[in-house]
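**Q** Residue numbers (this note's numbering): 14 to 268. By construction, the Cβ of each residue, glycine as well, lies at the ideal position given by its N, Cα and C atoms. None of the values given here were measured: they were computed from a predicted structure. One structure, as structure tokens, below. Some questions next.
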């Protein structure tokens, strides 16, 4: 059996570049377009961008932590990388598809691996109506914003907004308000992964709202529809002792 070819992708930091140099000296250089496995060196931001860049030709991705935040990364070690890749456990991710209509009625689309977030653009609070599968569930949420998160993204912005942590295989998504003013007691919802969620912006001229899929922002939206895109499947590789399921479980018991 032929060993898989490996390409290295490093963040633009001194730590990541040094790690790349050491790995290339040990395992050689491979073009990223033809490699079987991609090894990402950096933090979660670099991993997120690499996942987006690889959506047209998904391949397994193994991250090694050489950055600030490394929830999606494994420990860095030059030794025994091929063996680690063979032993790695897989986590399959499906992104969210955001369809946003702007003030001119033009629909723009973007994919999100972590979350789709709607945020007020000015000092005025946003007023947003929420419908799920064609049924209005919240006529008006007055807030700084609201977000929908995948399980992989549930420990990122969603957790900072006091949303729930979701296990990878749970088959659910998180709908979480951001600094809700009315209704005060609404803390969000856990939705089936097949749900279609529509956000309608009220008083958009006075209370403009932007919509962001990970790092792709669309300004002055009027309506945003979010669904899970099952046509795209991404694979992350993790050392068995630090698999993503274990990290998400452990995160729920941290103070």
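Nearest to residue 149 by CA position, among 113, 211 and 98, is which residue?
**A** The candidate whose alpha carbon is nearest that of residue 149 is 211.
**Q** By the three-class DSSP mapping on this structure, what secondary structure does residue 127 have?
**A** Residue state, collapsed to three classes: coil.
**Q** Look at the Cβ atom of residue 176, then the Cβ atom of residue 147, and state whether they are nearer than 7 angstroms.
**A** Not a contact, by the Cβ cut-off of 7 angstroms.
**Q** Since residue 140 sits in a beta bridge, which residues does DSSP pair it with?
**A** 155 and 215.
**Q** Could you check if residue 255 is buried or exposed, using at least 16 other CB atoms within 10 Å of its CB as the buried criterion?
**A** The residue in question, residue 255, is exposed, as its Cβ has fewer than 16 Cβ neighbours within 10 Å.
**Q** Here's the rule I'm using: 16 or more other beta-carbon atoms within 10 Å means buried, otherwise exposed. How should residue 99 be labelled?
**A** Flag for residue 99 reads exposed.
**Q** Just curious, the beta strand (DSSP E) that residue 236 is in, first and last residue?
**A** 234–241 is the span of the beta strand (DSSP E), which, as asked, contains residue 236.
**Q** Would you mind working out which of 101, 93, 95 and 39 sits nearest residue 251, comparing C-alpha positions?
**A** The shortest C-alpha separation from residue 251 is found at 101.
**Q** Tell me whether residue 259 sits in a helix, a strand or coil according to DSSP, three-state version.
**A** In the structure shown, residue 259 sits in a helix (DSSP, three-state: H, G or I).
**Q** What are the boundary residues of the beta strand (DSSP E) that includes residue 173?
**A** Per DSSP, residue 173 belongs to no beta strand (DSSP E); it is in the alpha helix (DSSP H), 170–173.
**Q** Going by other Cβ atoms of all chains shown within 10 Å of its Cβ, with 16 needed for buried, is residue 16 buried or exposed?
**A** That one is exposed.
**Q** Does the region 235–242 touch the region 209–223, meaning 3 or more C-beta pairs lie closer than 8 angstroms?
**A** A contact exists between the region 209–223 and the region 235–242.
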